[in-house]
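**Student:** In the numbering used here, the protein residues as written are -14 to 150. From the three backbone atoms N, C-alpha and C, an ideal C-beta is built for every residue, glycine too. All values reported here derive from a predicted model rather than from experimental measurement.
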């Protein structure tokens, strides 16, 4: 199991490494190709390896849920009790102060995710399904340091349905 976890961590490292920045074209392709990804998507192997890595890491930790925070510059539209998923591997953090350092968000998410390994940085899989528990419009995340810009047009509080799609 140790070898498997080591290989799994390497798979995740390829995705999140800031020097390679593979996550940018990968996420763009994941979002824009939609249903045509079977014929035009050039990241099949990486998508499979990341999905497999998250499953292995999740099983190794005992399937605990984690509260994390995420900001997005793109506008989401959803109401309380709607079902949603990110549809891409979504980076988030368990440190709300780190999340607040990203400015100019349209949407912020407080996410209770259950298909991840509990780490400071959390990679939410594209297939995890969430229920929108609460929607706060024109919300400012609580600030400890008033020099940090942390205004969000909308804050979505998401609860994992503990299902996939």
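Excluding five sequence neighbours on each side, which residues of the same chain lie with their C-beta closer than 7 angstroms to the C-beta of residue 73?
**Tutor:** 12, 15, 16, 111
**Student:** Which partner residues does residue 118 have in the DSSP bridge list?
**Tutor:** Per DSSP, none; premise fails for residue 118.
**Student:** Straight-line CA distance for residue 46 to residue 104?
**Tutor:** 11 angstroms
**Student:** Which whole-angstrom value is the C-beta distance of residue 96 and residue 143, which I expect to be below 8 angstroms?
**Tutor:** 5 angstroms
**Student:** Rounded to a whole number of angstroms, what is the C-alpha to C-alpha distance between residue 120 and residue 70?
**Tutor:** 15 angstroms
**Student:** Can you find the residues in the same chain that come closer than 7 angstroms, C-beta to C-beta, to residue 75, ignoring five residues on each side of it along the sequence?
**Tutor:** 55, 109
**Student:** So, are the CB atoms of residue 151 and residue 90 less than 8 angstroms apart?
**Tutor:** In the structure as shown, the chain begins at -14 and stops at 150. Residue 151 is therefore absent and cannot be evaluated.
**Student:** Quick one: is residue 24 buried, meaning 16 or more other Cβ sit within 10 Å of its Cβ, or exposed?
**Tutor:** That one is exposed.
**Student:** Between 10, 53, 66, which has its C-alpha nearest residue 82's C-alpha?
**Tutor:** 53
**Student:** Would you kindly work out how many angstroms separate the C-alpha atoms of residue 147 and residue 50, rounded to a whole number?
**Tutor:** Those two C-alpha atoms are separated by around 9 angstroms.
**Student:** Any idea if residue 38 is buried or exposed, counting beta-carbon neighbours within 10 angstroms, 16 or more meaning buried?
**Tutor:** buried
**Student:** With C-beta atoms as the reference, is residue 145 less than 8 angstroms away from residue 98?
**Tutor:** yes
**Student:** Could you check which residue in 62, 94, 68 has the C-alpha nearest to that of residue 80?
**Tutor:** 94
**Student:** Within 10 angstroms of the Cβ of residue 88, are there 16 or more other Cβ atoms? Answer buried if so, exposed if not.
**Tutor:** Note that residue 88 scores 49 on pLDDT, short of 50, meaning its location in the model is unreliable; the coordinates nonetheless yield the value given after this. Residue 88 should be labelled exposed.
**Student:** So, for residue 150: in the same chain, excluding its five sequence neighbours on each side, which residues have a beta-carbon less than 8 angstroms away from its beta-carbon?
**Tutor:** Taken in chain order, the residues that qualify are 70, 112, 114.
**Student:** What's the gap between the Cα of residue 128 and the Cα of residue 92?
**Tutor:** A caution first: residue 128 carries a pLDDT of 49, below 50, which makes its placement in the model too unreliable to give a value.
**Student:** Looking at the unbroken alpha helix (DSSP H) that takes in residue 14, where does it start and where does it end?
**Tutor:** Counting along the chain, the alpha helix (DSSP H) containing residue 14 begins and ends at 8 to 18.
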